[in-house]
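So the structure is just underneath, and the comments pick up after that.
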Amino acid sequence: MNEFKKTALFIVVAIVTVGLAFLTKPSTADLDLDTLVGDKTIGDFDPNNAKRLRIVTFGEDTATLQDFEVAQNDSGLWTLPSKNGYPADAEQQMGEAAGSLLDREVLAVKSNNPTDHEQYGVVDPDSPKLEAGQKGVGTRVTMKDINDEPLVDLVIGKAVKDAEDQRYVREPNRDVVYVIEIDPSKLSTRFEDWIEDDLLKLNPMDIQEIKVNDYSASLELVGFQPQIEWNRRGEYSLRYDSADSKWVVNSLKTYQTDAKDFVDDPLTEEQELNQDKIGNLKDALDDLLIVDVEQKPSGLSDDLKAGGDFLKNNNSIGSLMKRGFVPVPLTADELEILSSEGEVVCTMKSGVEYVLRFGNLQVASSGETEQGIADKKDGSEEDGVNRYLFVMVRFNENAIEKPELEALPELPAEKEPEANTGAETIAEPTEDSQVKTEDTSSTAEPDTDETSPASDSATTDTKGDAAAGEEKTDEPATDESSDPSEAKDTSSEDLEKIIADRKRIEEANQRKLDEYKSKIDEGKKEVEELNDRFGDWYYVIANDIFKKIRLPRDDLVKA
């Protein structure tokens, strides 16, 4: 190739290079950074269209990604796809998140050089080029509409020094780094910030009985055979006495190893129930907050019993054992789950009975306790140490107070009618009337000697005696039946009053029975709804909450 051809080739290459540089150079807006300040806003969208939020964070210590997502499904219900579709209480939280991203004014522009991204903490955590040990990784926040189209997409980086609520940000498809004002607390990835915060939905004033089954259980290998190590300590049953406004003992039992059974262990004269500890237990049930959920194996019923198919699934059994729930065979084809740290049964006035079974500790990794770009909140006294929990609900009809029905007044006893008479009952003759009949019959006998004066005298005397007898015996009879119609009216009024009272009482009793049946129906319905919520999940709670609920005897009793 001669010199002329070489020169021409170099010229062509130079022209192509310049052309490519011109086509691929940043826009004027990117280069003229000062023109962006005050003229550009980020997040121009209708917050009502926000139907999905995804927040991706990167744990530099563990080099792991944490992907949090909340979305509204086709039925209009909010769920957490990143938690296997667990129900979310996200409407208010989603509105606040959308508001924090809406119409963010660009306050400053710091750079359009990609090499500065690490310095400002805006390296994209979703980038496929991310490496272990990568520094300066930000939090990527993407909000989408119902059609999965992005409304806003940002990588949020470090806080601006000495500027409250200001952060470095950039759009993932651009290199320019802006400064905007944003409230990071509205973009939390804490699970508990996005769910119904009242897990049990109970009123502590309605708790009428608490039972604590205090034991520990684990599955150990003895040789090559698995064996259950079951340390039973006690069973304690308490009820609330509303008359005295305090908790009293139903029963206190301690397990005796020698007898291999529970024996009564009542309070001594120097002991009493610790009302403060029991009050704390009630409050912990009322404020029972979950910090995480995990999906439990399929085939396990709400009452933690499983059939033969479940027994053959090693993955399902392994899932239980890892979390502290030990399979205990009941029959060849059925098993029940024994929890590693006992259980508590809480009975409500409505008949709803909560059964809480406590499993193993869950020590959260640093990635699991991240909150996205929000500052870490103060945790419990054992920050990051949690415990698995199974919740189930059953209905206890005996917990509902049965109605006291009022007895009906007796109807007057009716006399049996004589033969061949009408419907009216004929009263039996009285002793006075019998005497009168006898006297009258003696005076009616015919006289055999009509002309004898003695006979006349006798007859006269007899009549006089009879008249005297009639006068004596007829007085009470005349008083008793002096006005038959008035006696009849009085008896009728009494009967009508009795019938009216019976009707009133029957109606009142029926209302009580209807209310009782309604309470039973409502309780059963509530149990069904709660089990729909609890049935598919392992819950995770703070371990210090567990310690307030599953109390040993030494905490329930004080000197």
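For what it's worth, our numbering labels the leading residue of the sequence shown as 6, then goes sequentially. Quick reminder that beta carbons are idealized off the backbone N, C-alpha and C, glycines included.
Around the Cβ of Lys251, a 10 Å sphere holds fewer than 16 other Cβ atoms; the residue is exposed.
Under the 10 Å beta carbon count, Val268 is surrounded by fewer than 16 other beta carbons and is classified as exposed.
Under the three-pair Cβ rule at 8 Å, the region 275-293 counts as touching the region 552-562. In summary, Gly323 is exposed, with fewer than 16 beta-carbon neighbours lying within 10 Å of its beta-carbon over all protein chains present. By the Cβ neighbour-count rule, Ile200 is buried, with 16 or more other Cβ atoms within 10 Å of its own.
Under the 8 Å Cβ criterion, the region 66-84 does not count as touching the region 172-189, having fewer than three qualifying pairs. With contacts defined as CB atoms closer than 9 Å, Leu561 and Leu243 qualify as a contacting pair.
Between Ser223 and Glu234 a beta carbon distance of about 5 Å is seen, short of the 8 Å cut, so the two are scored as contacting. When DSSP states are grouped into helix, strand and coil, Ala93 belongs to the coil group.
In summary, Val532 is buried, with 16 or more beta-carbon neighbours lying within 10 Å of its beta-carbon over all protein chains present. Under a 10 Å Cβ-count criterion, Asn548 is classified as buried, with 16 or more other Cβ atoms of the shown protein chains found around its own Cβ.
Around the Cβ of Asp297, a 10 Å sphere holds 16 or more other Cβ atoms; the residue is buried.
The beta carbon of Leu535 is closer than 6 Å to those of Val398 in its chain, skipping five residues each way along the sequence. Sorting Ser190, Ile161, Leu192 by C-alpha distance to the C-alpha of Val184 places Ile161 at the top.
The residue from Pro302, Pro408, Gly347 with its alpha-carbon nearest to that of Arg238 is Gly347.
Excluding the 5 residues flanking it on each side, Val349 has same chain C-beta neighbours closer than 6 Å at Val217, Leu361, Ile554, Arg555, in chain order. With respect to the 9 Å criterion, Lys524 and Gly356 are classified as neighbours on the basis of their beta carbons. According to DSSP, Thr62 shares a beta bridge with Gln71. Our two residues, Tyr521 and Ala248, have alpha carbons roughly 22 Å apart in a direct line. The beta carbons of Ile47 and Leu106 sit closer together than 9 Å.
Taken through DSSP and simplified to helix, strand or coil, Glu531 comes out as helix. Under DSSP, Val182 takes part in a beta bridge, and its partners are Ser116. Note on Arg516: under 16 other CB atoms within 10 angstroms of its CB, so exposed under the neighbour-count rule. Of the other Cβ atoms in all chains shown, 16 or more fall within 10 Å of the Cβ of Thr62; this residue is therefore buried.
Only buried fits Ile187, as 16 or more other CB atoms lie within 10 angstroms of its CB. A straight-line Cα-Cα distance of about 51 Å links Phe395 and Lys45. Within the DSSP secondary-structure output, Gln367 pairs in a beta bridge with Asn391. Where Asp560 is concerned, the enclosing alpha helix (DSSP H) starts and stops at 558-561.
For Leu85, there is no enclosing alpha helix (DSSP H); the enclosing beta strand (DSSP E) has its first and last residue at 83-85. Judged by DSSP in its simplified three-state form, Arg172 adopts strand. In terms of Cβ geometry, Ile295 and Glu406 do not form a close pair [threshold 9 Å]. Judged by DSSP in its simplified three-state form, Ala547 adopts strand.
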